[in-house]
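The sequence shown: position 164 = 163 (numbering that gives the first Met the number 0), numbered continuously.
Some notes on the structure that comes next.
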Amino acid sequence: MAVSKQQAASSIRRAYAAGLRHFGENYVQEAVAKMDELADLDIEWHFIGGIQSNKTRIIAERFQWVHTVDRARIAERLNDQRPAHAPRLDTFIQVNLANEPQKSGVSIDELPELARFVSRLPRLTLRGLMFIPTVAESESRSARAFARLRELRDVLTRSGIALDSLSMGMSADFEVAIEEGATCVRIGSALFGPRAIRAR
Ligand SMILES: *Cc1c(COP(=O)(O)O)cnc(C)c1O
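Printed below as a string of structure tokens:
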């Protein structure tokens, strides 16, 4: 997936012309403006930013994928607000592997319960788990974290919650993420170059 936050619609159009179809955005307003501008393209939009409750409606209405569900209340709102005519929203649960207090993501302890809850929501399809490393980690530490996420996915699948996807790996570490089983790598700067300014 191409992470197009802070990139102009014209850059997305060029990436699309080069064959990319999946684009990830972190900020709802910024994303919706680009979606409207690029409505003639057949893009699958992924929401990969932190989710506040007042943003769930736009996410449910405008995105095909969401990667950052980390609590039941947000999942329930997305489910209730997903339009009846739209296909089910493809969903990842974001996991806080190291249990860092300020980081978003569900703890490993609470993951099974949340996964069970999300898997039963009729308007969402739980596809897998997602992970964002804190800072640039060494390659071996990233590899261990990615392997851990894969194991958690496999444990859930064995417990009856079948998950087919792992969203992990960014520009700095996508090779090792793929080696450890990533099905979706989220690539921003390696495709578009450095991001100039923070959007807001
Ligand atoms: C910005 C962002 C990326 C892309 O980061 P790069 O290092 O530019 O590839 C991937 N995932 C998330 C959640 C992001 O916010």
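We put the CB at the ideal spot given by N, CA and C, even for glycine.
Here the structure is a predicted model, which is why all the values come from computation and not from measurement.
message = In the DSSP output, what is H21 paired with across the bridge?
response = As a position in the sequence shown, residue 21 is number 22, starting the count at 1. H21 is bridged to E43.
inquiry  = Here's a check: name, in chain order, each residue in its chain whose Cβ is nearer than 6 Å to the Cβ of L190, leaving out the five neighbours to either side.
reply    = Counting from 1 along the sequence shown, the entry for residue 190 is found at position 191. Here L190 has A1 as same chain residues with Cβ atoms under 6 Å from its own Cβ, once five neighbours each way along the sequence are excluded.
request  = Could you tell me if H45 is buried or exposed, where buried requires 16 or more neighbouring beta carbons within 10 angstroms of its beta carbon?
outcome  = In the sequence shown, residue 45 corresponds to position 46, counting from 1. Label assigned to H45: buried.
Inter-stretch contact at 8 Å, needing at least 3 Cβ pairs: the stretch 82–93 / the stretch 134–143 = no
message = My assumption, with CB atoms under 8 Å, is that T133 sits in contact with E179. Please give the rounded CB distance.
response = Your numbering for residue 133 matches position 134 in the sequence shown. Your numbering for residue 179 matches position 180 in the sequence shown. The pair is not a contact, with the Cβ atoms about 17 Å apart (cut-off 8 Å).
query = What residue from I160, A30, S158, R149 has the CA that sits closest to C183's CA?
reply = Within the sequence shown, residue 183 is the residue found at index 184, counting from 1. Checking every option, the nearest Cα to that of C183 belongs to R149.
ask   = Looking at the structure shown, is S166 part of a helix, part of a strand, or coil, going by DSSP?
value = In the sequence shown, counting from the first residue as 1, residue 166 sits at position 167. Strand, per DSSP.
inquiry  = Given the structure, does G104 come close to ligand 1, in the sense that its CB is under 8 Å from one of the ligand's heavy atoms?
reply    = For the purposes of this step, residue 104 is taken as the residue at position 105 of the sequence shown. Checking the Cβ of G104 against ligand 1 gives no.
request  = Counting only runs of 4+ residues fully inside the stretch 96–172, write out the alpha helix (DSSP H) ranges in chain order.
outcome  = 110–118, 138–157
query = Would you say H21 touches ligand 1, meaning its beta carbon is less than 8 Å from a heavy atom?
reply = Reading the sequence shown from its first residue, position 22 is the one you call residue 21. No - ligand 1 has no heavy atom lying nearer than 8 Å to the Cβ of H21.
message = Just list the residues that DSSP pairs D89 with in beta bridges.
response = As a working note, residue 89 is residue 90 in the sequence shown. Answer is W64, T124, bridged to D89.
query = Should the stretch 95–112 be regarded as contacting the stretch 72–80, the criterion being three or more beta carbon pairs within less than 8 Å?
reply = At 8 Å Cβ cutoff, the stretches do not touch.
query = Is the distance from the Cβ of I11 to the Cβ of I42 below 9 Å?
reply = In the sequence shown, counting from the first residue as 1, residue 11 sits at position 12. In the sequence shown, counting from the first residue as 1, residue 42 sits at position 43. Yes; because the gap between Cβ atoms is below 9 Å, this pair is in contact.
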